[in-house]
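First the structure, in the form of structure tokens, and then the observations on it.
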Amino acid sequence: MVRSTNSAVRQDAAPAVSERQQSRVAKRAAAAKPAVKSEPIELPQDIDSSTAFQLIAASIFRQVGANEGAVRSANPQGVHQMRIGLRRMRAAISVFAQLVDDPETTRLKQELRWLTGRLGPARDLHLLALRLRRARGAAPERQKRLQVVETMRNEALATAIAALATDRYRKLQTDVWAWIEAGDWLGGAARRQVPRRARDFADAVLAKRARKIARRARELEALDVEGRHQLRIAAKKLYYAMGFFESLYDGRKSRERMADYQRKVKELLDHLGALNDLAVQQQLTGSLTPVVRQSDGLAVIAPSRHERTKTERLLKSAGRAGRELADAKSFWD
Numbered sequence: 001m002v003r004s005t006n007s008a009v010r011q012d013a014a015p016a017v018s019e020r021q022q023s024r025v026a027k028r029a030a031a032a033k034p035a036v037k038s039e040p041i042e043l044p045q046d047i048d049s050s051t052a053f054q055l056i057a058a059s060i061f062r063q064v065g066a067n068e069g070a071v072r073s074a075n076p077q078g079v080h081q082m083r084i085g086l087r088r089m090r091a092a093i094s095v096f097a098q099l100v101d102d103p104e105t106t107r108l109k110q111e112l113r114w115l116t117g118r119l120g121p122a123r124d125l126h127l128l129a130l131r132l133r134r135a136r137g138a139a140p141e142r143q144k145r146l147q148v149v150e151t152m153r154n155e156a157l158a159t160a161i162a163a164l165a166t167d168r169y170r171k172l173q174t175d176v177w178a179w180i181e182a183g184d185w186l187g188g189a190a191r192r193q194v195p196r197r198a199r200d201f202a203d204a205v206l207a208k209r210a211r212k213i214a215r216r217a218r219e220l221e222a223l224d225v226e227g228r229h230q231l232r233i234a235a236k237k238l239y240y241a242m243g244f245f246e247s248l249y250d251g252r253k254s255r256e257r258m259a260d261y262q263r264k265v266k267e268l269l270d271h272l273g274a275l276n277d278l279a280v281q282q283q284l285t286g287s288l289t290p291v292v293r294q295s296d297g298l299a300v301i302a303p304s305r306h307e308r309t310k311t312e313r314l315l316k317s318a319g320r321a322g323r324e325l326a327d328a329k330s331f332w333d
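Mapping of the sequence shown onto the numbering used here: position 60 corresponds to residue 60, and the numbering continues sequentially without gaps.
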């Protein structure tokens with residue numbers, strides 16, 4: 001299934017947001033600070049697995065912190081980039097799970113998930129507002145729906161901004177940096193059955209994740225919505241992992257094969273992401289129905305023929321991309 005966006009919107013937007021707060025969000029957006037994308041990760045060839053994780057995690061969390069200003073200024077792209085940073089951090093924890101597994105890591109994963117949940121509705125509603133703006137025609141119903149969506153988006157942005165002002169967020173910042181630099185997981189790293197050399201660790205992790213994805217990707221068109229969602233999560237973690245370890249593969253042949261493999265994973269993710277965006281936006285449109293009916297008496301709008309055709313086309317494209325990925329040559333040893 002797709003993300004539980006409806007419940008997230010209701011939960012985060014439940015407290016009433018005053019007109020004054022919405023006006024404040026609009027003013028911030030007018031002078032929004034720029035969003036910050038991820039930085040390249042460069043790992044020395046002889047680096048050990050523990051130090052590699054520390055460098056990777058530090059790079060990722062810098063992206064999270066660097067987007068605070070953009071989020072506080074109500075920049076939807078800042079929300080998007082901070083979410084990407086949080087997802088990359090959770091992916092890094094998953095990729096290095098064998099190394100960093102301990103109670104503190106588990107607690108921090110929950111806190112990272114909490115913050116991601118506070119940012120999610122603002123991003124999803126922003127995409128829905130863009131979709132409604134780009135839709136053909138200017139029917140009164142569409143304009144009214146757009147007004148409702150933009151109001152909800154501003155409420156969700158206010159919720160995201162408020163989350164960054166909490167003691168919980170400040171503690172998360174402090175705790176994550178302490179965990180990266182001197183967490184308890186470091187004391188148990190030597191006792192765990194983890195390859196000491198980061199390149200050996202990367203080979204094993206990438207090979208294992210790629211095998212699991214290949215089996216599902218080959219039969220993608222037979223998967224249900226939940227199956228496609230789980231495949232997308234697994235493929236995204238693999239894509240992030242390749243970015244984490246990319247600098248370790250310095251041979252010409254390895255780099256060429258990695259670039260080809262990354263391209264195939266990215267193509268699959270693009271198709272699966274487009275399918276997920278359609279499903280999320282349809283969920284959100286459905287969740288707006290009671291709100292719109294209360295004020296405007298508008299009826300439910302079922303997915304259009306264009307949306308159904310687009311979904312079918314994306315499924316075929318995703319299936320083709322999945323088969324190409326399953327047949328791709330590996331770049332790891």
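We put the beta carbon where it would ideally sit given N, CA and C, even for glycine.
Bear in mind that the values here come from a model prediction, so they are computed numbers and not experimental data.
Residue i in three-state terms, based on DSSP
i, result
"Asp-102", "coil"
"Arg-62", "helix"
"Arg-123", "helix"
"Arg-196", "coil"
"Asp-48", "strand"
"Lys-316", "helix"
"Ala-222", "helix"
"Phe-96", "coil"
"Glu-324", "helix"
"Trp-332", "coil"
"Leu-348", "The structure shown does not extend to residue 348, since the chain is modelled only from 1 to 333, so the question has no answer here."
"Tyr-249", "coil"
"Thr-35", "This sequence places Ala at residue 35; Thr is not what is there. DSSP places Ala-35 in coil when its eight states are reduced to three."
"Thr-311", "helix"
"Leu-164", "coil"
"Ala-135", "coil"
"Gly-85", "helix"
"Asp-270", "helix"
Residue j beta carbon less than 8 Å from that of residue i
i, j, result
"Ala-57", "Ile-180", "yes"
"Leu-99", "Arg-192", "yes"
"Leu-86", "Leu-112", "yes"
"Asp-184", "Glu-256", "no"
"Ile-47", "Ala-198", "yes"
"Arg-209", "Leu-231", "no"
"Ala-162", "Val-225", "no"
Alpha-carbon spacing of residue i relative to residue j, whole angstroms
i, j, result
"Thr-174", "Met-89", "15 Å"
"Ala-202", "Arg-211", "14 Å"
"Glu-155", "Val-149", "10 Å"
"Arg-133", "Gly-188", "53 Å"
"Thr-309", "Leu-272", "15 Å"
"Ser-295", "Ala-204", "Per-residue confidence for Ser-295 stands at a pLDDT of 44, beneath the threshold of 50, marking its modelled position as unreliable; the derived number appears in the next sentence. About 57 Å."
"Ala-235", "Leu-269", "7 Å"
"Met-258", "Ser-38", "19 Å"
"Lys-329", "Leu-172", "40 Å"
"Arg-252", "Arg-145", "53 Å"
"Ala-214", "Met-242", "16 Å"
"Pro-44", "Tyr-239", "20 Å"
"Asp-101", "Arg-142", "49 Å"
"Glu-267", "Arg-228", "14 Å"
"Leu-186", "Thr-151", "46 Å"
"Ala-52", "Thr-106", "20 Å"
"Pro-40", "Phe-245", "11 Å"
"Val-200", "Tyr-249", "Per the sequence shown, residue 200 should be read as Asp rather than Val. Between Asp-200 and Tyr-249, the C-alpha separation is close to 11 Å."
"Gln-110", "Pro-140", "43 Å"
"Glu-312", "Gly-322", "15 Å"
"Leu-314", "Glu-42", "35 Å"
"Ala-178", "Gln-81", "23 Å"
"Asp-327", "Ala-97", "27 Å"
"Val-64", "Lys-237", "17 Å"
Cβ distance (whole Å) where residue i is taken to contact residue j below 8 Å
i, j, result
"Leu-206", "Lys-264", "Rounded, the Cβ-Cβ distance is 14 Å, inconsistent with contact."
"Ala-160", "Val-79", "6 Å"
"Leu-164", "Glu-68", "6 Å"
"Leu-119", "Arg-62", "Wrong, their Cβ atoms sit about 17 Å apart, outside the cutoff."
"Ala-32", "Ser-73", "4 Å"
"Ala-129", "Asn-75", "Contact flag wrong, Cβ pair sits at about 14 Å."
"Ser-49", "Val-194", "6 Å"
"Leu-275", "Val-176", "That belief does not hold up - the Cβ atoms of Leu-275 and Val-176 are roughly 32 Å apart, past 8 Å."
"Ser-254", "Phe-331", "5 Å"
"Leu-125", "Arg-153", "4 Å"
"Ala-66", "Gln-77", "Incorrect: roughly 13 Å between the Cβ atoms, too far for contact."
The ligand NAD heavy atom lying under 7 Å from the CB of residue i
i, result
"Ala-58", "With respect to the ligand NAD, the structure offers nothing, as it holds no ligand at all."
Exercise. Three or more C-beta pairs closer than 8 Å, one from the stretch 210-224 and one from the stretch 312-319: is that the case here?
Worked result: Output reads yes: the stretch 312-319 touches the stretch 210-224.
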